[in-house]
Amino acid sequence: MTQDRPRAHDAVVDAQFGPQAAAYVQSAVHASGADLDQLEAIAAQARPARALDLGCGGGHVAYRLAPHAGAVVACDLSAEMLAAVRQTAAARGAANITTELAAAEQLPFDDASFDFVACRFSAHHWRDFDGGLRQARRVTRAGAPAVFIDVVAPGRPLLDSHLQAVELLRDTSHVRDYTIAEWTAAVGRAGFTVEAVRRLRLRMEFASWTERMRTPPVQVEAVRALQRQASDEVRGHFAIEPDGSFLLDVMVLEATAA
Ligand SMILES: C[S@@+](CC[C@H](N)C(=O)[O-])C[C@H]1O[C@@H](n2cnc3c(N)ncnc32)[C@H](O)[C@@H]1O
Numbered sequence: 517m518t519q520d521r522p523r524a525h526d527a528v529v530d531a532q533f534g535p536q537a538a539a540y541v542q543s544a545v546h547a548s549g550a551d552l553d554q555l556e557a558i559a560a561q562a563r564p565a566r567a568l569d570l571g572c573g574g575g576h577v578a579y580r581l582a583p584h585a586g587a588v589v590a591c592d593l594s595a596e597m598l599a600a601v602r603q604t605a606a607a608r609g610a611a612n613i614t615t616e617l618a619a620a621e622q623l624p625f626d627d628a629s630f631d632f633v634a635c636r637f638s639a640h641h642w643r644d645f646d647g648g649l650r651q652a653r654r655v656t657r658a659g660a661p662a663v664f665i666d667v668v669a670p671g672r673p674l675l676d677s678h679l680q681a682v683e684l685l686r687d688t689s690h691v692r693d694y695t696i697a698e699w700t701a702a703v704g705r706a707g708f709t710v711e712a713v714r715r716l717r718l719r720m721e722f723a724s725w726t727e728r729m730r731t732p733p734v735q736v737e738a739v740r741a742l743q744r745q746a747s748d749e750v751r752g753h754f755a756i757e758p759d760g761s762f763l764l765d766v767m768v769l770e771a772t773a774a
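Here the working numbering runs 516 ahead of the position in the sequence shown, where the first position is 1.
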């Protein structure tokens, strides 16, 4: 496809995710996991009056927050994702979930209007990572918890380049999987204090990983070519399997608004 017109990054994100809203509601990788269990445990302890799920996608964070919060706002820049969240929340009887169409970098909420903020698997798509984190901090009351969950890049450039390359080929709205060092520095710059960082690994089943993003065949083949030509070190770290399935590094970063 040729590109002959201006196209903002957020429009690239919307075009990638909007049509796949139902797939993200159903995605097993997104609907469950030890990271979601950890997030829910933090929310159960905090019992926030008003919680924000930033970059909510299919709403899996919002559904975990809802039983422990007075109100949950699920926010995303994709209107189709938000429609899927409203439908799913209604089907589950989660009446305290509302939706808001907005980019993380331009949140339409008052300062300190949330006492819990969570953001899972979204920030690696943001055009302005620091700007989105500053907005997350602005809308969070001082002393309130924030939980950031995302795919992280291994510190070594050899592994980092492979990860970013296959991520971008699979999904052209990918910006960067940051390292844990980059995350902790950025969260600190935004005005949060890091309390804990936990790591886990998630297996991506190759066929569903690419189908979820409708990756064009030429790009699927390019990912497979990169995997086949990768060094033992790269293949070993990501535990690349014969069909292309592999392991991603994930972080659960627990912070407090300073
Ligand atoms: C992988 S999906 C969502 C995952 C979801 N949070 C979950 O836990 O299942 C990433 C979502 O981030 C949203 N997104 C990407 N960039 C965004 C931005 N700058 N502001 C708000 N949402 C954004 C996309 O529209 C998409 O719905």
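Where is the CB? At the ideal position from N, CA and C, for every residue including glycine.
Any non-hydrogen atom of ligand 1 closer than 7 Å to residue i Cβ
i	result
residue 690	no
residue 737	no
residue 694	no
residue 621	yes
residue 526	yes
residue 555	no
residue 593	yes
residue 540	yes
residue 720	no
residue 780	The shown model of the chain, from 517 to 774, leaves out residue 780, and the question about it has no answer.
residue 643	yes
residue 767	no
residue 584	no
residue 632	no
residue 597	yes
residue 647	no
residue 529	yes
residue 625	no
residue 533	yes
residue 753	no
residue 750	no
Where the beta strand (DSSP E) through residue i begins and ends
i	result
residue 722	Careful: residue 722 lies outside any beta strand (DSSP E), inside the alpha helix (DSSP H) at 722-727.
residue 661	661-667
residue 552	That residue, residue 552, is in no beta strand (DSSP E); its alpha helix (DSSP H) goes 550-562.
residue 566	566-570
residue 765	762-773
Boundaries of the alpha helix (DSSP H) in which residue i is found, first to last residue
i	result
residue 580	576-581
residue 740	733-745
residue 757	It is not in any alpha helix (DSSP H) - residue 757 carries neither H nor E in the DSSP assignment.
residue 524	Neither: residue 524 is in no alpha helix (DSSP H) and is coded neither H nor E.
residue 584	Here residue 584 belongs to no alpha helix (DSSP H), and DSSP marks it neither H nor E.
residue 542	537-542
Candidates the options, of which the one nearest residue i by Cα
i	options	result
residue 690	725, 649 and 640	640
residue 602	582, 575 and 624	575
residue 765	556, 753, 773 and 759	753
residue 538	550, 573, 672 and 673	573
residue 734	649, 712 and 686	686
residue 678	751, 702 and 612	751
residue 688	587, 728, 547 and 768	728
residue 772	708, 543, 744 and 586	708
residue 667	732, 551, 525 and 726	551
residue 720	702, 527, 543 and 535	543
residue 545	628, 660 and 722	722
residue 534	598, 569 and 701	598
residue 633	673, 568 and 760	568
In DSSP terms, what residue i is bridged to
i	result
residue 709	772
residue 589	568 and 614
residue 715	767
**Study point:** Runs of alpha helix (DSSP H) lying entirely within the segment 592-666, each at least 4 residues, in chain order
**Key:** 595-608 and 645-654
Practice item. Ignoring anything shorter than 4 residues or poking outside the segment 669-701, list the alpha helix (DSSP H) runs there in chain order. Key: 673-686
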